[in-house]
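Chemist:
There are 2 protein chains.
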Amino acid sequence: MRILVVGASGTIGSEICKVLANHEIIRAGRNGLDVSVDTTSEQSIRDMYNQIGKVDAVVNAAGGANFASVSELTPELNERGIQSKLKGQINLVLIGMDYVNDGGSFTLTTGVMMDDPIPMGASAAMANGGVKSFVKAASIEMPRGIRINSVSPNIVQESWSKMEKYFAGFSPVPAVRVALSYKKSVEGAQTGQNYEVY
Amino acid sequence: MRILVVGASGTIGSEICKVLANHEIIRAGRNGLDVSVDTTSEQSIRDMYNQIGKVDAVVNAAGGANFASVSELTPELNERGIQSKLKGQINLVLIGMDYVNDGGSFTLTTGVMMDDPIPMGASAAMANGGVKSFVKAASIEMPRGIRINSVSPNIVQESWSKMEKYFAGFSPVPAVRVALSYKKSVEGAQTGQNYEVY
Numbered sequence: 001m002r003i004l005v006v007g008a009s010g011t012i013g014s015e016i017c018k019v020l021a022n023h024e025i026i027r028a029g030r031n032g033l034d035v036s037v038d039t040t041s042e043q044s045i046r047d048m049y050n051q052i053g054k055v056d057a058v059v060n061a062a063g064g065a066n067f068a069s070v071s072e073l074t075p076e077l078n079e080r081g082i083q084s085k086l087k088g089q090i091n092l093v094l095i096g097m098d099y100v101n102d103g104g105s106f107t108l109t110t111g112v113m114m115d116d117p118i119p120m121g122a123s124a125a126m127a128n129g130g131v132k133s134f135v136k137a138a139s140i141e142m143p144r145g146i147r148i149n150s151v152s153p154n155i156v157q158e159s160w161s162k163m164e165k166y167f168a169g170f171s172p173v174p175a176v177r178v179a180l181s182y183k184k185s186v187e188g189a190q191t192g193q194n195y196e197v198y
Numbered sequence: 001m002r003i004l005v006v007g008a009s010g011t012i013g014s015e016i017c018k019v020l021a022n023h024e025i026i027r028a029g030r031n032g033l034d035v036s037v038d039t040t041s042e043q044s045i046r047d048m049y050n051q052i053g054k055v056d057a058v059v060n061a062a063g064g065a066n067f068a069s070v071s072e073l074t075p076e077l078n079e080r081g082i083q084s085k086l087k088g089q090i091n092l093v094l095i096g097m098d099y100v101n102d103g104g105s106f107t108l109t110t111g112v113m114m115d116d117p118i119p120m121g122a123s124a125a126m127a128n129g130g131v132k133s134f135v136k137a138a139s140i141e142m143p144r145g146i147r148i149n150s151v152s153p154n155i156v157q158e159s160w161s162k163m164e165k166y167f168a169g170f171s172p173v174p175a176v177r178v179a180l181s182y183k184k185s186v187e188g189a190q191t192g193q194n195y196e197v198y
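Protein chains in written order, with UniProt numbering: chain A, 1 to 198; chain B, 1 to 198.
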């Protein structure tokens with residue numbers, strides 16, 4: 001398969017590229033790689049798809065949100081989660097639909113914070129929940145046999161030393177175990193799922 | 001209690017006002033009522049709160065999203081769900097926090113489409129899921145004993161003749177039954193809940 005991986009150089013993205021190394025991978029990200037993309041810009045997403053042409057699968061591991069307590073979260077601070085983690089992912093689907101071959105797939109990324117909330121995580125949780133529900137609803141009417149799933153990672157071991165202070169009592173998982181769920185989404189046959197890797 | 005009901009003249013909003021009639025209700029909406037507000041505008045939300053002052057509860061029954069199949073859903077069409085049903089509700093909380101008295105509450109609105117998806121409902125489902133997850137995450141760190149919940153209504157009997165074509169096989173519920181969940185949220189003591197009225 002010809003697979004576009006957005007956010008390919010990140011902690012999880014690089015593991016996704018490894019577990020999908022049996023395929024032709026196009027690595028996309030903000031800083032070069034095979035193709036540059038800023039998922040917060042519709043035009044940048046369009047330019048990326050125009051540049052790479054048709055693919056069999058689109059995998060996204062990019063997107064962020066600001067950490068802030070709900071008392072300090074302003075509409076402005078919340079906007080990063082809206083533009084990046086939520087709309088960035090959904091626009092990869094809406095704009096990319098015509099670039100995915102019949103029977104192909106999209107795989108997006110949610111996260112544990114929507115199910116097991118942490119302080120300062122409300123904006124990320126909002127984006128995660130929006131993506132999860134979009135995936136479930138979109139899956140019932142995707143055209144041409146195209147499937148769509150999301151993966152919900154726990155905090156990963158590779159980020160633990162930096163993120164431990166936010167995730168008290170969590171048991172981090174190896175990024176490679178998260179990456180396997182993207183492989184299941186791409187190479188398997190399920191649709192409308194949110195794979196929880198907790 | 002002094003309760004702000006946004007979207008007070010809608011099908012569900014007007015039933016909410018009835019079941020909360022034992023309180024002082026301030027009815028807000030786009031067209032006059034007690035106070036005017038356009039929840040897609042942060043400034044309009046700020047103006048509303050400045051005008052009404054402190055309240056014990058904020059209830060929101062306003063917010064919409066475009067109906068479109070996922071093949072026809074563009075980023076532009078999806079934007080109504082983002083600005084109105086998602087950000088409109090979350091900004092009522094973020095901007096309104098300082099206007100809610102100690103021990104008060106926010107009650108937002110999600111919807112059945114995130115759990116039981118229908119064709120053309122992906123944008124609404126996205127907004128619903130975002131609000132649900134925000135509520136769950138925000139609830140753990142709301143200041144001054146303020147609670148936050150959402151209500152997830154099924155399609156209501158009062159809208160059935162107009163909406164039946166979209167909701168094949170659904171069994172509509174009376175709006176008054178939906179309204180009771182807002183009363184439970186406002187007068188009860190739970191937080192972080194999404195009351196499904198299916």
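Ideal placement from N, C-alpha and C gives every residue a C-beta, glycine not left out.
Using a Cβ cut-off of 8 angstroms, pull out every chain B residue sitting near A:Thr74, in sequence order please.
Modeler: Result: Leu94.
Chemist: Provide the residue span of the alpha helix (DSSP H) that contains A:Ile45, from first to last.
Modeler: 42-52
Chemist: Can you tell me where the alpha helix (DSSP H) with A:Tyr182 in it begins and where it stops?
Modeler: 175-187
Chemist: Give me the Cα-Cα distance between B:Ser152 and A:Ile90, rounded to the nearest whole angstrom.
Modeler: 23 angstroms
Chemist: Quick check: the Cα distance between A:Glu72 and B:Val35, rounded to an integer number of angstroms?
Modeler: 27 angstroms
Chemist: My output table needs one value for B:Leu33: the three-state DSSP class, helix, strand or coil.
Modeler: coil
Chemist: Taking the beta strand (DSSP E) that A:Leu108 belongs to, which residues open and close that run?
Modeler: 100-109
Chemist: Can you give the beta carbon distance from B:Ile148 to B:Val93, rounded, assuming they're within the 8 angstroms contact cut?
Modeler: Separation of the CB atoms of B:Ile148 and B:Val93 is rounded to 7 angstroms, and the pair is thereby assigned contact status at 8 angstroms.
Chemist: Are B:Met142 and B:Ala124 touching if we call contact CB-CB under 8 angstroms?
Modeler: It is not a contact, given that the beta carbons lie outside the stated cut-off.
Chemist: So which residues of chain B does A:Asn128 contact, with C-beta pairs closer than 8 angstroms?
Modeler: Here the neighbours are Ser133.
Chemist: Specify the secondary structure class of A:Ile95 as computed by DSSP and reduced to three states.
Modeler: The answer is helix: DSSP assigns A:Ile95 an H, G or I state.
Chemist: Taking B:Leu86 as the query, report the chain A residues whose CB atoms sit under 9 angstroms from its CB, ordered along the chain.
Modeler: What B:Leu86 touches in chain A, judged by beta-carbon distance under 9 angstroms, is Ile82, Leu86, Met126, Gly130, going in chain order.
Chemist: Starting from A:Ala57, follow the beta strand (DSSP E) in both directions and report where the run begins and ends.
Modeler: 55-60
Chemist: Pick out whichever of A:Thr107, A:Ala61, A:Pro117, A:Ala137 has its Cα sitting closest to the Cα of B:Gly111.
Modeler: A:Ala137
Chemist: How far does the beta strand (DSSP E) with A:Pro117 in it reach, from first residue to last?
Modeler: No beta strand (DSSP E) holds A:Pro117; DSSP gives it neither H nor E.
Chemist: Does the count of Cβ pairs from the segment 159-177 of chain A and the segment 27-34 of chain A closer than 8 angstroms reach three?
Modeler: With the cut-off at 8 angstroms, the segment 159-177 of chain A and the segment 27-34 of chain A do not touch.
Chemist: Three-state secondary structure (DSSP) at residue 211 of chain A?
Modeler: With chain A covering only 1 through 198, there is no way to say anything about residue 211 of chain A.
Chemist: Cβ of B:Ile155 less than 8 angstroms from any chain A Cβ?
Modeler: no
Chemist: Using a C-beta cutoff of 8 angstroms, does A:Ile90 count as contacting chain B?
Modeler: yes
Chemist: Give me, in chain order, the residues of the same chain whose beta-carbon lies closer than 8 angstroms to that of A:Glu158; leave out the 5 immediate sequence neighbours on both sides.
Modeler: Thr11, Pro174, Ala175
Chemist: When DSSP labels each residue in this structure, what does B:Glu158 get in the three-state scheme?
Modeler: helix
Chemist: Going by beta-carbon coordinates alone, are A:Val59 and A:Tyr182 separated by less than 8 angstroms?
Modeler: yes
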